[in-house]
Amino acid sequence: MRKYVLALNLLMIFMLSAIAVAGEPTTAVEASVNQVLDVLKDPKLKGEEAKSVKTEKLRVIYKGMFDEMEFSRRTLTRNWKNFTPAERREFVELFEQVLEKSYLDKILDYSDEKIVFHKESMIAKDKAEVQSKIVTSSKEIPIDYRLILKDGKWKVYDVVVENVSLVQNYRTQFNEILADGTPEQLLKILRKKVKEQ
Numbered sequence: 117m118r119k120y121v122l123a124l125n126l127l128m129i130f131m132l133s134a135i136a137v138a139g140e141p142t143t144a145v146e147a148s149v150n151q152v153l154d155v156l157k158d159p160k161l162k163g164e165e166a167k168s169v170k171t172e173k174l175r176v177i178y179k180g181m182f183d184e185m186e187f188s189r190r191t192l193t194r195n196w197k198n199f200t201p202a203e204r205r206e207f208v209e210l211f212e213q214v215l216e217k218s219y220l221d222k223i224l225d226y227s228d229e230k231i232v233f234h235k236e237s238m239i240a241k242d243k244a245e246v247q248s249k250i251v252t253s254s255k256e257i258p259i260d261y262r263l264i265l266k267d268g269k270w271k272v273y274d275v276v277v278e279n280v281s282l283v284q285n286y287r288t289q290f291n292e293i294l295a296d297g298t299p300e301q302l303l304k305i306l307r308k309k310v311k312e313q
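Numbering follows our numbering, with no gaps: position 127 of the sequence shown is 243.
Here it is in structure tokens:
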């Protein structure tokens, strides 16, 4: 009887932890990632001639998945207030293109690795972190998504790949430029980067 009760308790703990892992933030990220994988695995989109169609399909998913405004504000932090409304708009547009290119370049290298979602943590009522990993034949690559709830939708505002935060990485770069430079100088650098992409 004691073994039966212990097994039942373990089963209940497992079921509750499974429910906790698969909350709304996880569901949102997993749905977007699965859409990306569907595009990447589509046999009609293989080859160099289909690359632009594939990229456009991925761009639509990317725009629905990420909160570019939140990404931008968190990257600039205290420097955000030094930008005029027009400069902020341009920064968000340019930074979105830089991030999109970076994200799509990594995603286009995908070659049938397995993606596992294994943990969800609520940071606040409207913020969460979803932990996942890409499993290859030789290693596991941890990827954590940080999300914010806005207008009833969970959207990604940071991605941490192998313990390196995209927001933190760009924040360091932009802070160096803005320490002695102006918002216009940073925008000029981003314009050039986007043009060269």
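Where a beta carbon is used, it is the ideal one built from N, C-alpha and C, also for glycine.
* Please state whether DSSP places Lys217 in a helix, a strand or coil. => helix
* If you run the structure through DSSP and keep just helix, strand and coil, what is Phe290? -> helix
* To do: Give the straight-line distance between the Cα atoms of Leu153 and Ile177, rounded to the nearest whole angstrom.
  => 11 Å
* Top-ranked residue by Cα proximity to Val277, from Ser218, Pro299, Ser253 -> Ser218
* **Three-state secondary structure assigned by DSSP to Ser253** => coil
* To do: List the endpoints of the continuous beta strand (DSSP E) containing Phe233.
  => 230 to 240
* From Ala295 to Asp158, what does the alpha carbon distance come to, in whole angstroms? -> 46 Å
* By a C-beta neighbour count over all protein chains shown, 10 Å radius and 16 as the cutoff for buried, is Glu209 buried or exposed? -> exposed
* For Ile259, the residue or residues it bridges with in DSSP -> Ser248, Val277
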